[in-house]
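Enquirer:
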Amino acid sequence: MKRLLFFLLSSLLSLGASAQASAQSVSDTLKAQGIAQEFELDNFVVTGYQKIDRRKMTGVSTTIKVDDETVGTILNVDHALEGQVPGLSSVTSTGAPGAPLKIRIRGISSINGNQDPLWVLDGIPLEGTEVPTMDDLKDIDNLYQTSIAGINPADIESITVLKDAAATAIYGARAANGVIVITTKKGKAGAPKINFHTKLTLSPNMGLDRLNLLNSDEKVNLELALLRSDYTFRENKGDVARIIANLGETAAYKAGGWSALSANAQNQINALRNINTDWNDILMRNAFTQDYGVSISGGGNKATYYVSVGYSDQQGNVQGVSADRFNTTMKTSIRINEMLKVGASLFVNQRKQKSFMTDYNGFVNPVYYSRLANPYFQPYKEDGTYNYDVNVQGGKEDSELDFNIFEERNNTSHKRKDRQVMAIFDAELQFTDWLKFTTQLGLQMDSYTIDKYAGEHSFAMRKDLERSIYSYSTGKAPFLPQTGGKHQVTEGHGSQWTWKGMLEGQRRFGDDHEVQLMLGSEIRHTDVNTVYTAAYGYDPRTLTSQTVFYPSENSAELFPLSRETQTENAFVSWFATGSYTFKDRYTLGGSIRFDGSDVFGVAKKYRYLPLYSVSGLWRIGDEPWMKRVKWVDAMNLRASYGIQGNIDKNTSPYLIGTYDKKTIFGKSEYIIEAETAPNPSLRWEKTRNVNVGMDFTLFDGFLTLGVDYYYRRSSDLIGLKMLPLETGFSSTTINWATMQNKGWEFAVSTRNFWRKNFHWTTQLNFGINNNKVLRETIADNATYPSREGYPVGALFALETAGLNEYGDPLFSNNNGEVVTLKELMKLNENGRSTLTAEEQRALFKYMGTTDPKVSGGFINTFEYKNWTLGINFTFNFGMKVRVTPSYRNTQYDRGLNTNHDILNSWSTENTSGTLPALMHFDSKPAATATDAEKNRYAEYVQYEEFNLYNYLDTWVRNCNYFRLQSLRLGYKFDMPWMKRIGVLNATVSVEARNLFVIASNYDNYLDPETMGNPFAQPIPREFIFGINLGF
Amino acid sequence: MKHSFILFNIIAAFLFTSCDKFLDIQPTGKVIARTGEEYRALLTGVYANFPDDRSLTTLRTDEVYLDKATITAEDYNTYFDIWVWNDAAPSENTATYSWRRFYHTIYIASYIIEKESEIEEASPADVSQLVGEAYMLRAYSYSILVNLFGKPYTKGNPSTDAGVPLLVKPDVETVLERSTVEQVYQQILYDIDMAKKKLNVDKWENDLNYRFNKISADALMARVCLYMGRWQESLDAAKAVIEAYPELEDITPSTGYTLPDNHNSKEAIVCLERVMKSEYKGIGYPDKNFITSIVTGDLRKNRFFKAKTSAVYDLLKGGTDDTRSTFRSAEFYLTAAEAAARLGDLNGAIDNYMTPMINNRYLAARRTPTINAMKAMTQDQLIDAILEDRRAELCFEGHRWFDLRRTIQQSITKKYGDDETYVLEEGDSRYTMLIPKEAISANPLLSQE
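One line per chain: the protein sequences are A and B, in this order.
My numbering numbers the first residue of the first sequence as 3 and each following residue consecutively.
My numbering numbers the first residue of the second sequence as -13 and each following residue consecutively.
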């Protein structure tokens, strides 16, 4: 690798030198070529395989120019797409620096398979671009990077999003989720051009006010009230209960209330009221982000080059969270002779991320902790030593492990380092003016190291020690070493190479006929492996660790010392595309691709299934009879039909087992567990696409309008199918499920005002998508409904209808009657439902979907003399989200803080409360208890054990928002003296990102977009100052 | 230019032919079994996960007593309805029988049997043993399934009574009906016969004796024929087992013995099932009536149980990682004794089979009187005495329920607390269990009849 780098560097340098020498002589052609290149971007669509003349493009695509004026300041490529592309929805799962966006193009088309679009860099499909679902704590806490995050946005010229079958079918089995093609900048013939930019970003501290947390006074009152109530869950938690218990006055207080407390107790409790620790200030900060970049480009008529270096350092609003990236990019293109042109590009980057170490139930996550920490708790004692927050629940019920967020931050670390090298070599052999052969070889090497360390004096380690307690014959003791910390390292390596060769011909016959044909082949090989190792009793100073003596097999499984995975896949494809154009007005196109892959084992009958498309384009505006209609500048009609594919890598036609080790009697043996039923008739997932669209340019370019309607039916989706148990398996994944997406896409842009010194353009683009699962099976014993007939992101909930006389939720059943939970679910006296699983499923009501129905962007650009003002809005409408309940009616832990909802819970003192009352039972009521008591117990058990509380419709919220994504003001310096000192251009800009969001009710949450996840870091508000200089 | 064309064609042709090879990647970590070692690991996988359902049947017998005062809510919800034979409408959380897991074992066993000729890198003897064990696993699984869910062979009409579906080919696309009890037994006998031909390991080391060895084919034969009422065949097979494993654990000294359900006991033949796991042990207590029925002087009363209070006993069998028992020699002494007695050879039954049992179980002073008492018995009385001994010897090892089924299917009365009484009538239909609901709902061809 080093040698390769050296070779490339030296060749680039020598090229640069020669280019400079020849620069003077070609300065005349420079301008012309520059213009030509601009023209190319506007008039050609880059599909990753071909450059297609926009006038013959039958497929649907959107190209966006990646520059500050269009997309504002972005540090990651995926953010460039937000609100820019009709039919593309993007959702931010967390505001952590470097976190990926969840992007969906024209809805979701797979249930269990990959749902992320395919990313292509200069013709080479990238690996490692999957984004985890980000739904749970695990995903949020893991430092995650996709391979796209390594690309420096400053190196990107444009991004093309391919949407319908005609545009994507050439990508065959990877096209179902759409394709995003990145085209990077390249050198232009001419004098070396140096470009420098810097962007400095300030993200002010967010403020947790929106969370509506209780202040000390409110919290103390709540604890006092609860201690006298019949809600006895974790009764000894909370400082109030602790103070009273320490003074031995619990019984007195319960009997007599506040006045029964001694003056000492009252004083101590009142002292709590006066402490108001500002967790916001402690855990969050003003964040400062810097981004610098220099690029040099140029070339002669034989060769061009582009070299860039970039560095960015991004701080998170959460203390201790940061990400940085260092990039270098080198590109060159050399014309060897009339026929042959070769090129090489090298993208190298290193990324580092720092975050907090987390535990398995999330207390250590500062975002989460800031909501749970008591306002009266002070993290430091007066002498500066740690105060431990014993209200945080440790590993086991009612245990009190010492926890202090500062100690945790000082004694733990969580880092991730990514290194990425991508190299692309291409060659073009022009046989005649109508026939050429191009070939491309792409290499991608990604590696990462995730390093987690927890010192001996940390909650994380204490928790592990507690979890490792084992009952030895000599008594209970942890089996992990009791001194030292832990050090967990995960190393991952991914590599791929792709080779493709294409023969392309394009010829005009006479004046009216034009034929274009391309044949090609592609092979691809990927290899991914990860190694996890853990050391316990670790001392970071001496780098030593201690031996772990596992008392049993189970203990070893609980704290594994190493784990390894490896996956290798290979793909072979053939493809062809062709088009015929008549009179420059009618174009018919088609493409076909055969994909083979080892993913389907050796089931040869399913290798090489063809995926294809046919499409047509009618340029109505160019018809002679349309020429008379003056107000129409251009008008096109497009239609396409085709099939896209998708792969699921987890099923096989063979009985595949996984290795494990088991000890039956003292001797450890290998076992193979073959718990996945083989599926002898496994196939690709297929998505059939129909697309009809029209483009208009009207009134002398005043209005441009694009409308597309699509219908996508995804079938053979890998889904679960139940098997007769006598086969030895309960279910198998087969090509079973079916889903459809229907929708409209609109892109409207208007040139509202176009005078010499003042331009105003408006762009509105949006997509409306309706998703429906047509066929799906669920396990027979599932008590949550199937999505059949509903969108894939369907949310179901139990419809509540107020509270009963005890403050417990009432429900509206399917007959519209108001019933108690016991009646609704026909609970027996032990709180178990006596309904069948099917009947239980029928109790749920459909609430909506978690995916946006309408999403898009609204962009206004004003140009006045040297000033540019850009206002970009993005919006998502029609989503629902299930939030975590503000408190659980059976499990609210009084030792932790919560939001104001708890003050609205029903109780005998607060009979006007509208939220469910707290309830707790230590044991089943005696046989002599009242029916009401017994019924309440049954409901209590159901809430307690079956998570039913989360399914109340109370916790389903609307999620619609309209966000001011970017407000940017730029000024372009244009002084005569600048030329003299060699400055070609100079721009300064100020930008505000995410300045405000207008949304449906998101009370108690920081941002509507991250409402569903209490662990997610808030999406920051940013103020950016940027300078751009060209020499 | 032409050359380039040819070159391209050559490259293309090369690709077409070689890419199938390019695509044949052996996944790591995951495996499609190919070598003997991999097939062994596959088999070890099903051994390691073999269901312990035989011990769950213990709950249905008269061996266990659930104490209303001490039972946990979780145990109550999980096991109570099994204990009181509430098969028709058990509460939702009631433990279910491992129907699928048995069939998974059968699937893997059938898979190995089918692939016998394709197993690579293993000696013919090793392959033969492996396949023999697969036959044993299949036969053994069916012997349990048919006794859980089919009518007893000796009661009713085996050629028409519904047994369990017979999966003999590893095919996930089949949908099976219930075969008759007779058909299932024929399959078991066939598999035992095949196993006998294939098995060649006489004895596994103690840390591997969960595996089936050569003699285990006879052991299963003896048990299955006993269940079928084929006394002579049962006796012959049991004799062969006793010849290979004659030793009995002498539990009469106060120390120095190993409990016979331990895999290190000299009685151990095959130790696959955890016949009384620790979680089952905690559900209830050994039934007091049962313990008092064991005569004083029979040391099993002292070695298998320990008095906690005057009314409550703790079970000493089971509960550890070492206690697994599928076949052990005492069972075959008792099987031989019963078969011989049923065939009319009363003296043979007493002298050859019961005497060694008594010598290793009773206080020295009580041995001769016990033997003499047996000598004085009629055939029926002797059979009853042998069955009583069997009950004491094999208690809490998953035999009782199947023995109750094949014999008189006696009436059992259980009291829960002071006010709840549950009765299983003599010959009650609940002596045959219902097929698990989830199995019925997953297969339209299955029914309870």
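From the three backbone atoms N, C-alpha and C, an ideal C-beta is built for every residue, glycine too.
Cα separation between Ser202/B and Asn35/B?
Expert: For the purposes of this step, residue 202/B is identified with residue 216 of the second sequence, where counting begins at 1. For the purposes of this step, residue 35/B is identified with residue 49 of the second sequence, where counting begins at 1. Distance between the alpha carbons of Ser202/B and Asn35/B: 19 Å.
Enquirer: Listed in chain order, which residues of the segment 69 to 102 of chain B have Cβ atoms closer than 8 Å to some Cβ of chain A?
Expert: Ser77, Glu78, Asn79, Trp85, Arg86, Tyr89, His90, Thr91, Ile92, Tyr93, Ile94 and Tyr97
Enquirer: Contact criterion: CB-CB distance below 8 Å. Does Ile720/A meet it with respect to chain B?
Expert: Looking up residue 720/A in the first sequence gives position 718. No, Ile720/A does not count as interfacial toward chain B.
Enquirer: Identify each residue in the segment 722 to 740 of chain A for which the Cβ-Cβ distance to at least one residue of chain B is less than 7 Å, and report them in chain order.
Expert: Met724, Leu725, Pro726, Leu727, Glu728, Thr729, Gly730, Phe731, Ser732 and Thr734
Enquirer: Taking 8 Å as the cut-off, does the segment 320 to 329 of chain A touch the segment 349 to 357 of chain A (at least 3 CB pairs, one atom from each stretch)?
Expert: Taking 8 Å as the limit for Cβ pairs, the verdict is that the segment 320 to 329 of chain A does touch the segment 349 to 357 of chain A.
Enquirer: Is Ala428/B close to chain A? Criterion is C-beta to C-beta, closer than 8 Å.
Expert: Residue numbering aside, residue 428/B sits at position 442 when the second sequence is read from its first letter. Cβ-Cβ to chain A under 8 Å: yes for Ala428/B.
Enquirer: Taking all protein chains shown into account, decide if Trp576/A is buried (16 or more other Cβ within 10 angstroms of its Cβ) or exposed.
Expert: The residue you call residue 576/A lines up with position 574 of the first sequence. That one is buried.
Enquirer: DSSP three-state label for Asn248/A, please.
Expert: To locate residue 248/A, count along the first sequence from 1; it is residue 246. Residue state, collapsed to three classes: helix.
Enquirer: Determine the extent of the beta strand (DSSP E) in which Asn266/A is found, giving its start and end residues.
Expert: As a position in the first sequence, residue 266/A is number 264, starting the count at 1. Asn266/A -> not in any beta strand (DSSP E); alpha helix (DSSP H) instead, spanning Ala265 to Arg275.
Enquirer: Please classify Ala101/A as buried or exposed, where buried requires at least 16 other C-beta atoms within 10 Å of its C-beta.
Expert: To locate residue 101/A, count along the first sequence from 1; it is residue 99. Label assigned to Ala101/A: buried.
Enquirer: Does Pro377/A come within less than 8 Å of chain B when only Cβ atoms are used?
Expert: Residue mapping note: residue 377/A aligns to position 375 of the first sequence, counting from 1. Not one chain B Cβ lies under 8 Å of Pro377/A.
Enquirer: Provide the residue span of the beta strand (DSSP E) that contains Pro194/A, from first to last.
Expert: Residue mapping note: residue 194/A aligns to position 192 of the first sequence, counting from 1. Gly192 to Ser205 is the extent of the beta strand (DSSP E) around Pro194/A.
Enquirer: Mapping DSSP to helix, strand and coil, what is Asp150/A?
Expert: Locating residue 150/A in the first sequence gives position 148, counting from the first residue. In the sequence as presented, Asp is not what sits at residue 150/A; that position holds Ile. DSSP places Ile150/A in helix when its eight states are reduced to three.
Enquirer: Considering only residues of the same chain and omitting the five flanking positions on each side of Tyr121/B, which have a CB-CB separation below 6 Å?
Expert: Position 135 of the second sequence, counted from the first residue, corresponds to residue 121/B. Cβ within range, chain order: Asp177, Met180 and Ala181.
Enquirer: To the nearest whole angstrom, what separates the beta carbons of Ala169/A and Val79/A, a pair I think is in contact under 8 Å?
Expert: Along the first sequence, one-based indexing puts residue 169/A at 167. Along the first sequence, one-based indexing puts residue 79/A at 77. Contact between Ala169/A and Val79/A does not hold, since their C-beta atoms are separated by about 20 Å, which reaches or exceeds 8 Å.
Enquirer: Out of curiosity, what's the CA-to-CA distance linking Arg46/B and Trp69/B?
Expert: Along the second sequence, read from residue 1 onward, the residue named residue 46/B stands at position 60. Along the second sequence, read from residue 1 onward, the residue named residue 69/B stands at position 83. Taking the straight line from one Cα to the other gives about 5 Å.
Enquirer: Within its chain, find whatever has a CB closer than 7 Å to the CB of Ser27/A; leave out the 5 residues flanking it on each side and keep chain order.
Expert: Taking the first residue of the first sequence as 1, we reach residue 27/A at position 25. In this predicted model, Ser27/A has a pLDDT of only 37, less than 50, meaning its place in the structure is not dependable enough to derive any value.
Enquirer: Buried or exposed: where does Asp405/B fall if 16 or more other Cβ atoms within 10 Å of its Cβ makes it buried?
Expert: As a first step, residue 405/B must be located in the second sequence, where it is residue number 419. When all chains shown are included, Asp405/B counts as exposed.
Enquirer: Helix, strand or coil: which one does DSSP assign to Lys287/B?
Expert: Numbered from 1 along the second sequence, position 301 holds the residue referred to as residue 287/B. Reduced to three states, the DSSP call for Lys287/B is helix.
Enquirer: Give the straight-line distance between the Cα atoms of Tyr538/A and Lys488/A, rounded to the nearest whole angstrom.
Expert: In the first sequence, counting from the first residue as 1, residue 538/A sits at position 536. In the first sequence, counting from the first residue as 1, residue 488/A sits at position 486. C-alpha separation (whole angstroms): 4 Å.
Enquirer: Mind checking if Val574/A is an interface residue toward chain B, Cβ cutoff 8 Å exclusive?
Expert: Locating residue 574/A in the first sequence gives position 572, where the first residue counts as 1. Taking Cβ atoms only, chain B reaches closer than 8 Å to Val574/A, which makes this a yes.
Enquirer: Tell me whether Trp627/A is buried or exposed, calling it buried when 16 or more other Cβ atoms sit within 10 Å of its Cβ.
Expert: The count along the first sequence starts at 1 and reaches residue 627/A at position 625. Exposed is the call here.
Enquirer: Quick one: list the residues of chain B neighbouring Pro680/A, beta-carbon separation under 8 Å, in chain order.
Expert: In the first sequence, residue 680/A corresponds to position 678, counting from 1. Within chain B, the residues near Pro680/A are Val158.
Enquirer: Quick one: which chain A residues come within Cβ less than 8 Å of Ile130/B?
Expert: Here the question's residue 130/B lines up with position 144 in the second sequence. Under the 8 Å cutoff, chain A gives no residues; its nearest Cβ is about 15 Å from Ile130/B.
Enquirer: Can you name, in chain order, every residue of its own chain whose Cβ lies under 7 Å from the Cβ of Pro811/A, other than the five neighbours on each side?
Expert: For the purposes of this step, residue 811/A is taken as the residue at position 809 of the first sequence. Correct list, in chain order: Thr802, Leu805, Leu823, Pro918 and Leu954.
Enquirer: If the criterion is Cβ atoms closer than 8 Å, does the pair Ala796/A and Tyr848/A meet it?
Expert: For the purposes of this step, residue 796/A is taken as residue 794 along the first sequence, with counting starting at 1. For the purposes of this step, residue 848/A is taken as residue 846 along the first sequence, with counting starting at 1. Yes.
Enquirer: Spatial neighbours of Tyr33/B within its chain, please: CB distance less than 6 Å, with the 5 preceding and 5 following residues excluded, ordered by chain position.
Expert: Within the second sequence, the letter at position 47 stands for residue 33/B. Around Tyr33/B: Tyr196.
Enquirer: Based on Cα-Cα distance, which residue from Ser523/A, Phe561/A and Gly512/A lies nearest to Phe584/A?
Expert: Locating residue 584/A in the first sequence gives position 582, where the first residue counts as 1. If we check each option's Cα against that of Phe584/A, Gly512/A comes out closest.
Enquirer: Quick check: the segment 943 to 950 of chain A against the segment 883 to 899 of chain A, are at least 3 beta-carbon pairs closer than 8 Å?
Expert: When Cβ pairs closer than 8 Å are counted between the two stretches, the segment 883 to 899 of chain A is seen to touch the segment 943 to 950 of chain A, the count reaching three or more.
Enquirer: Output, in sequence order along the chain, the residues in the segment 668 to 679 of chain A whose CB is closer than 7 Å to any CB in chain B.
Expert: With the criterion set as a beta carbon lying under 7 Å from some beta carbon of chain B, the members of the segment 668 to 679 of chain A are Gly668, Lys669, Glu671, Tyr672, Ile673, Ile674, Glu675, Ala676 and Ala679, in sequence order.
Enquirer: Skipping 5 residues on each side, what residues in its chain have a beta carbon closer than 7 Å to that of Thr876/A?
Expert: Sequence index remark: in the first sequence, residue 876/A carries index 874 (1-based). Same-chain partners within the cutoff: Glu84, Gly85, Gly859, Arg965 and Gln967.
Enquirer: What residues of chain B sit near Gly125/A, judged by a beta carbon separation below 9 Å?
Expert: The residue labelled residue 125/A in the question sits at position 123 within the first sequence. Within 9 Å Cβ-Cβ: nothing; Gly125/A doesn't reach chain B, min ~19 Å.
Enquirer: Please go through the same chain and pick out, in chain order, the residues whose beta-carbon is closer than 6 Å to the beta-carbon of Leu212/B, but skip the five residues on each side of it.
Expert: Position 226 of the second sequence holds residue 212/B. So the qualifying residues of the chain are Ser220 and Thr321.
Enquirer: Taking Glu516/A as part of the beta strand (DSSP E), name the residues at either end of that continuous run.
Expert: To locate residue 516/A, count along the first sequence from 1; it is residue 514. Here the beta strand (DSSP E) through Glu516/A covers His515 to Asp541.
Enquirer: For the alpha helix (DSSP H) containing Gly22/B, list its first residue and its last residue.
Expert: Locating residue 22/B in the second sequence gives position 36, counting from the first residue. Unbroken alpha helix (DSSP H) run through Gly22/B: Gly22 to Ala34.
Enquirer: Just by C-beta distance, which residues in the segment 13 to 36 of chain B are closer than 9 Å to chain A?
Expert: Pro13, Thr14, Gly15, Lys16, Val17, Ile18, Ala19, Glu23, Glu24, Tyr25, Arg26, Ala27, Leu28, Leu29, Thr30, Gly31, Val32, Tyr33, Ala34 and Asn35
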